[in-house]
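Have a look at the structure below, then the notes.
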Amino acid sequence: MPETGKPNVLKPLFGMTLEELSALVKEEGLPGFTARQIADWLYRKEIREISEMTNLPVRAREMLSEKYRFGTSEPVKVSASADGTRKYLFGAGNMKFIETAYIPDRDRATLCVSSQVGCKMGCLFCMTGKQGFQGNLTAGEIVNQLCSIPEWHQVTNIVYMGMGEPFDNLEQVLKSLEILTAPWGMAMSPRRITVSTIGIIPGMREFLEKSQCHLAVSLHTPFDAERRNLMPVQNVYPVQEVVDEIRRHDFSGQRRVSFEYIMFDGLNDTPDHVKELARMLHGLPCRVNLIRFHPIPGTPLTGTPDQRITEFRDALTAKGVFTTIRASRGLDIQAACGLLSTMN
Amino acid sequence: MKSWADISWTRAVVSENLKIAESAYLLKFPRTFDFQAGQVVALGTDPDLAPRLYSIASGEQDPFVDILFTEKSGGSLTPMLSRLKPGDSLMVSKPFGTFTKIQPGSVLVAAGTGLAPFMSVLKSGKARGATVIHGASYPEFFYFDEYLEETLKEKYLRCCSRVAGGDWFHGRVTAFIEQWKGLDPGRKHYLCGSAEMVVQTRDRLISRGVPFKNIDAEIFF
Ligand SMILES: Cc1cc2nc3c(=O)[nH]c(=O)nc-3n(C[C@H](O)[C@H](O)[C@H](O)COP(=O)(O)OP(=O)(O)OC[C@H]3O[C@@H](n4cnc5c(N)ncnc54)[C@H](O)[C@@H]3O)c2cc1C
Ligand code: SF4
Numbered sequence: 001m002p003e004t005g006k007p008n009v010l011k012p013l014f015g016m017t018l019e020e021l022s023a024l025v026k027e028e029g030l031p032g033f034t035a036r037q038i039a040d041w042l043y044r045k046e047i048r049e050i051s052e053m054t055n056l057p058v059r060a061r062e063m064l065s066e067k068y069r070f071g072t073s074e075p076v077k078v079s080a081s082a083d084g085t086r087k088y089l090f091g092a093g094n095m096k097f098i099e100t101a102y103i104p105d106r107d108r109a110t111l112c113v114s115s116q117v118g119c120k121m122g123c124l125f126c127m128t129g130k131q132g133f134q135g136n137l138t139a140g141e142i143v144n145q146l147c148s149i150p151e152w153h154q155v156t157n158i159v160y161m162g163m164g165e166p167f168d169n170l171e172q173v174l175k176s177l178e179i180l181t182a183p184w185g186m187a188m189s190p191r192r193i194t195v196s197t198i199g200i201i202p203g204m205r206e207f208l209e210k211s212q213c214h215l216a217v218s219l220h221t222p223f224d225a226e227r228r229n230l231m232p233v234q235n236v237y238p239v240q241e242v243v244d245e246i247r248r249h250d251f252s253g254q255r256r257v258s259f260e261y262i263m264f265d266g267l268n269d270t271p272d273h274v275k276e277l278a279r280m281l282h283g284l285p286c287r288v289n290l291i292r293f294h295p296i297p298g299t300p301l302t303g304t305p306d307q308r309i310t311e312f313r314d315a316l317t318a319k320g321v322f323t324t325i326r327a328s329r330g331l332d333i334q335a336a337c338g339l340l341s342t343m344n
Numbered sequence: 345m346k347s348w349a350d351i352s353w354t355r356a357v358v359s360e361n362l363k364i365a366e367s368a369y370l371l372k373f374p375r376t377f378d379f380q381a382g383q384v385v386a387l388g389t390d391p392d393l394a395p396r397l398y399s400i401a402s403g404e405q406d407p408f409v410d411i412l413f414t415e416k417s418g419g420s421l422t423p424m425l426s427r428l429k430p431g432d433s434l435m436v437s438k439p440f441g442t443f444t445k446i447q448p449g450s451v452l453v454a455a456g457t458g459l460a461p462f463m464s465v466l467k468s469g470k471a472r473g474a475t476v477i478h479g480a481s482y483p484e485f486f487y488f489d490e491y492l493e494e495t496l497k498e499k500y501l502r503c504c505s506r507v508a509g510g511d512w513f514h515g516r517v518t519a520f521i522e523q524w525k526g527l528d529p530g531r532k533h534y535l536c537g538s539a540e541m542v543v544q545t546r547d548r549l550i551s552r553g554v555p556f557k558n559i560d561a562e563i564f565f
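Sequence order for the protein chains is A and B.
The opening position of the first sequence corresponds to residue 1 in the numbering used here, with each subsequent residue numbered one higher.
The opening position of the second sequence corresponds to residue 345 in the numbering used here, with each subsequent residue numbered one higher.
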């Protein structure tokens, strides 16, 4: 919702990088250091109005308020799960909405943010995919998912695994990562942020060159024909080529790459899959993250039973692939992986 | 696709750029590479502008490469593409993509320009016994209908969502699929078009008993 009395035609300051703020203050005839002061108010303090930027001269605040608004927006709805997970619904303009999941866990709290309203990628197992594509989020709308929830300061990790394919909205995603990690922004360590993709190779390459954040790739099966049935993107960017591209980058240091693997009963959970996965990932410092499948309406897929997920993990581990099983969180509020959608 | 810097590309000289319907164009340039029917190329007019992907609509042996595209108002590339004239130059990447495994006897379902890869498959003689279902908002967007009628006869089925009365089904492709008597769950189904069309058509096919393993899709994302 817009700040009181500020129509949405005013440009939001929230979501601007230091470079953009510097250009703005120059244009407005304000001293150069004002850009850093504004960034500080936007990304480090809990104010919500330009008028509250008290170290700016009153005249400067008035001038800014004529053309700009602060630009954050509060969630319009929250659902709480029995396990502590919370799902927030945010407006994204024109009766469009996005979802964000806050997932607390012992010593950490992870925020799962959306990067698009809906998605164009059409994965067979995903609720967001069923919703179709309604638009890209701006960097401000992405970062707002962190700054406008009450648990902002408890969040230790951010994952771009909500609605949308981040590398289909690369420019705004990179900008949001800059705001989250820059010393003038939120100064989060890039090691606490993971961006998840289905493997849009050109976007992934640019991300790996420009950002230090971790990468997660939705793999789901190493076999071409099977992956084409599950994920149409395989026809444009086959997963073998995605892995080949990843091998050109350095993951031996602190930056990590992981492969997400939703387990479908009788489909991608056989010994052949273990063998092929081990071959595909051989020698790559990485982790495979096995995920339980939570069926969506009308899906022809069912999830692998827990016992077989454990066996699959053990078989991959025995082949030298570091493999973990992700805990399902927020199931009762449809906040688990692949369940986010604002489709009614 | 983000930048031309890390993909291999050449310049092609436009041979023809025909407006074939409102906002729809057929762009031609000489073929200087081999490709497989169903593949795409990245196109551009300016190295500073992000490339966009287009399915090749011509046959593997044709002397020219055909690109079927619609101009998007406010789009970054298509307004430039639609202004191209014979003799103008165009940036073209190597062909790539694997929507190439279309089996004979399949059902090819397209909406709008999603027909492009199927035209390539048909013109390359790789889709014997195929049925084509093409959806369009108005009859003028039944691209290549004369060729398809002549080649496929009764296996060329059309759906027009906005206009009733012709020898087509009045409604969307999804509505057609829901009531199609010729549906055979054992056949392979290939879908091409927008995300919305692909997802909804896939849902309808699955609800009518087509195993998801018999459905493959290319989304124009
Ligand atoms: C594998 C593949 C093959 C393709 N083949 C063809 C083809 O043969 N013919 C063809 O005409 N196009 C094809 N496309 C689409 C093409 O790549 C461009 O996206 C399209 O031509 C628009 O380009 P643009 O730069 O003019 O518009 P853009 O500047 O990209 O976008 C114009 C407007 O449309 C919106 N928009 C863009 N994409 C979508 C979408 N998917 N859903 C909803 N809104 C959207 C944007 O937000 C913007 O407002 C293909 C895409 C892919 C991925
Ligand atoms: S899994 Fe991710 S990329 Fe695939 S449809 Fe869902 S949101 Fe889009």
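In this text, a Cβ means the ideal position worked out from N, Cα and C, and glycines have one as well.
Distance cut-off 7 Å: residue i Cβ against heavy atoms of ligand 1
i: E562 (chain B); result: yes
i: S347 (chain B); result: no
i: F167 (chain A); result: no
i: S367 (chain B); result: no
i: F565 (chain B); result: yes
i: F293 (chain A); result: no
i: L535 (chain B); result: no
Buried or exposed (CB count within 10 angstroms, at least 16 for buried), residue i
i: M1 (chain A); result: Note that M1 (chain A) has pLDDT 42, beneath the 50 cutoff, so the model's placement of it is unreliable and no number is given.
i: A381 (chain B); result: buried
i: E206 (chain A); result: buried
i: S115 (chain A); result: buried
i: Y168 (chain A); result: Checking the displayed sequence, the identity of residue 168 (chain A) turns out to be Asp instead of Tyr. With 16 or more Cβ atoms within 10 Å of its Cβ, D168 (chain A) is classed as buried.
i: V173 (chain A); result: buried
i: Q523 (chain B); result: exposed
i: E540 (chain B); result: buried
i: T4 (chain A); result: Note that T4 (chain A) scores a pLDDT of 49, beneath 50, so its modelled location is shaky and nothing firm can be said.
i: K363 (chain B); result: exposed
i: P12 (chain A); result: buried
i: K87 (chain A); result: buried
i: W348 (chain B); result: buried
i: M127 (chain A); result: buried
i: H153 (chain A); result: exposed
i: I563 (chain B); result: buried
i: P285 (chain A); result: exposed
Partner residues on chain A for residue i, Cβ-Cβ distance less than 7 Å
i: F565 (chain B); result: K120, M121, D168
i: D528 (chain B); result: Here the premise fails: no neighbours, minimum Cβ distance about 17 Å.
Extent of the continuous beta strand (DSSP E) to which residue i belongs
i: I198 (chain A); result: Unbroken run through I198 (chain A): none, as it is neither H nor E.
i: F298 (chain B); result: This structure gives no information on residue 298 (chain B), because the portion of chain B shown stretches from 345 to 565.
i: R502 (chain B); result: 500 to 504
i: T475 (chain B); result: 475 to 480
i: Q154 (chain A); result: Neither: Q154 (chain A) is in no beta strand (DSSP E) and is coded neither H nor E.
i: V288 (chain A); result: 287 to 292
i: W353 (chain B); result: 353 to 357
Any non-hydrogen atom of ligand 2 within 7 Å of residue i CB
i: M435 (chain B); result: no
i: M121 (chain A); result: yes
i: I198 (chain A); result: yes
i: S328 (chain A); result: no
i: S348 (chain A); result: Chain A is shown only over 1 to 344; residue 348 (chain A) falls outside these bounds and no answer can be derived.
i: T128 (chain A); result: yes
Contact with chain D by residue i, beta-carbon distance below 8 Å
i: K26 (chain A); result: Given the protein chain composition of this structure (A and B), no chain D is represented.
Residue i and residue j closer than 8 Å at C-beta
i: Q383 (chain B); j: F440 (chain B); result: yes
i: S328 (chain A); j: H282 (chain A); result: no
i: T72 (chain A); j: R48 (chain A); result: yes
i: S464 (chain B); j: S538 (chain B); result: no
i: A216 (chain A); j: S258 (chain A); result: yes
i: M435 (chain B); j: T376 (chain B); result: no
i: T323 (chain A); j: R308 (chain A); result: no
7 Å Cβ cut-off: residues of chain B touching residue i
i: R205 (chain A); result: D350
i: N235 (chain A); result: G441, T442, F443, E562
Host alpha helix (DSSP H) of residue i (start-end)
i: F413 (chain B); result: Unbroken run through F413 (chain B) is the beta strand (DSSP E), 408 to 414; no alpha helix (DSSP H).
i: R516 (chain B); result: From DSSP, R516 (chain B) is part of no alpha helix (DSSP H); its letter is neither H nor E.
Contacts that residue i makes with chain B (C-beta to C-beta distance below 8 Å)
i: N229 (chain A); result: F556, K557, I559, D560
i: L124 (chain A); result: R546, F556
i: G129 (chain A); result: A539, V543
Proximal chain A residues relative to residue i, where beta-carbon distance stays under 8 Å
i: S347 (chain B); result: P202, E206
Partner residues on chain A for residue i, Cβ-Cβ distance less than 9 Å
i: S551 (chain B); result: G298
Near ligand 4: residue i beta-carbon under 7 Å from a heavy atom
i: V173 (chain A); result: For the structure depicted, ligand 4 is absent and the ligand set comprises only ligand 1 and ligand 2.
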